[in-house]
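In our numbering, the protein residues as written are 1 to 250.
Heads up, the beta-carbon is just placed ideally off N, CA and C, and yes, glycines get one too.
Model, not experiment: these values are computed from the prediction.
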Amino acid sequence: MSTEKRLEGKVAIVTGGARGIGKAICSRLAAEGASLAIVDIMLDVAQATADEFKAAGVNARAYAANVAKPEDADKTVADVIADFGKVDILVNNAGITKDTLMLKMTEDMWDAVIAVNLKGTFNFTKAVVRPMMKQRAGKIVNIASVVGRMGNVGQANYSASKAGVIALAKTTAKEFATRNIQVNAVAPGFIETDMTAKLPQEARDAFLTVIPAKRGGKPEDVASVVYFLCSPDSDYVTGQVINVDGGMLM
Ligand code: NAI
1 MSTEKRLEGK VAIVTGGARG IGKAICSRLA AEGASLAIVD IMLDVAQATA
51 DEFKAAGVNA RAYAANVAKP EDADKTVADV IADFGKVDIL VNNAGITKDT
101 LMLKMTEDMW DAVIAVNLKG TFNFTKAVVR PMMKQRAGKI VNIASVVGRM
151 GNVGQANYSA SKAGVIALAK TTAKEFATRN IQVNAVAPGF IETDMTAKLP
201 QEARDAFLTV IPAKRGGKPE DVASVVYFLC SPDSDYVTGQ VINVDGGMLM
């Protein structure tokens, strides 16, 4: 059996990679041999995460960026190419929530979530596709959510943003298929992270009643599907959405 690392020599950008699901994705891609560009708005946390990976022998660097700003995306991708020579993989993982019922949702709450989750994904995708086109290879994975497919009370902004990143993955997949760039989305269900730790107990219980597996997922459960979509095993898979949700949405 081969012990070859499938992502040896690849350079991966993971937005929101400092903690949570993004950090687990970094860990999995690095275990398969990838070098890591860990992009986050919290530079100190991203730096600590990069240091952890470096101590384990991984080629990793932290980059401060607000994904909502196109100029941050352009500068980060230029810096990554200057530091590592190229970019092979982009995981659009940075995301936020500002939940409330539609009637109470302010314009600011709407704009903030759309700016980070949807525009941030557009900004980084736009920044990487040109270099990926030139090298005639690339993998892009957008982290969506099951609520982007089914809606959720109190998440008008968030669910719309996640439906948006699914549509963006499909469109980008079509536009760049002949350039050998595959673009897919992963839709996690209820995953145990800092984001979901904020939820009240009733909301957590409500989730569990609709999950056939009767438990939340781990960040590593999402990371292994992301790894598949970044590996050569998925070279003929593009424009797809894969749920990682314990069977919540079928
Ligand atoms: P988290 O809050 O633990 O981590 C998100 C990371 O993104 C943080 O490091 C944060 O600093 C960074 N970030 C936030 N805004 C940013 C910005 N403007 N620019 C750059 N970085 C920024 O969240 P978690 O749970 O790890 O979520 C990761 C992704 O997975 C998000 O897109 C989220 O919507 C999605 N997701 C999470 C689920 C869950 O159950 N935890 C379920 C479905 C989707």
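V226 is classed as buried because its beta carbon has at least 16 other beta carbons within 10 Å across all chains shown. The stretch 172 to 242 is shown to contain whole beta strand (DSSP E) runs of 3 or more residues at 181 to 188, in chain order.
By the Cβ rule, the stretch 193 to 211 does not count as touching the stretch 161 to 172, because fewer than three pairs are nearer than 8 Å.
Straight-line spacing of the CA atoms in M132 and K104 works out to 42 Å. For R149, the enclosing alpha helix (DSSP H) covers residues V147 to M150. G22 has its CB nearer than 7 Å to a heavy atom of ligand 1. Spatial neighbours of R28 in its own chain (CB-CB distance under 6 Å, excluding positions within 5 residues in sequence) are listed in chain order as A223 and Y227. Between S231 and R6 the beta-carbon gap is near 5 Å, inside 8 Å, which marks them as a contact. Just so you know, the alpha carbons of N59 and M102 end up roughly 44 Å apart.
It is roughly 11 Å from the alpha-carbon of K126 to the alpha-carbon of I140. A distance of 8 Å or more separates the beta carbons of V128 and L168.
The beta carbon of K214 sits closer than 7 Å to those of L208, all from its chain and outside the five residues before and after it, given in chain order.
Boundaries of the beta strand (DSSP E) harbouring N92: I89 to N92, taken from the DSSP string.
The way I'd put it, the stretch 70 to 87 doesn't touch the stretch 106 to 118; fewer than three beta-carbon pairs between them come closer than 8 Å. According to DSSP, N142 shares a beta bridge with N92 and A185. Here R19 carries a coil assignment [DSSP, helix/strand/coil]. Residue burial annotation: A144 is buried, with at least 16 other C-beta atoms found within 10 angstroms of its C-beta. DSSP places T106 in the coil class of the three-state scheme, outside both helix and strand. Straight across, the Cα-Cα distance linking F124 with N152 is about 27 Å. When DSSP reads this structure, V129 sits in no beta bridge, so it has no partner. P212 counts as exposed, since fewer than 16 other beta carbons sit within 10 angstroms of its beta carbon. The Cβ atoms of M248 and V146 sit closer than 8 Å to each other. The shortest C-alpha to C-alpha distance from A34 to any of I41, M42, D40 and I25 is the one to I25. Counting along the chain, A78 sits inside the alpha helix (DSSP H) bounded by residues P70 to F84.
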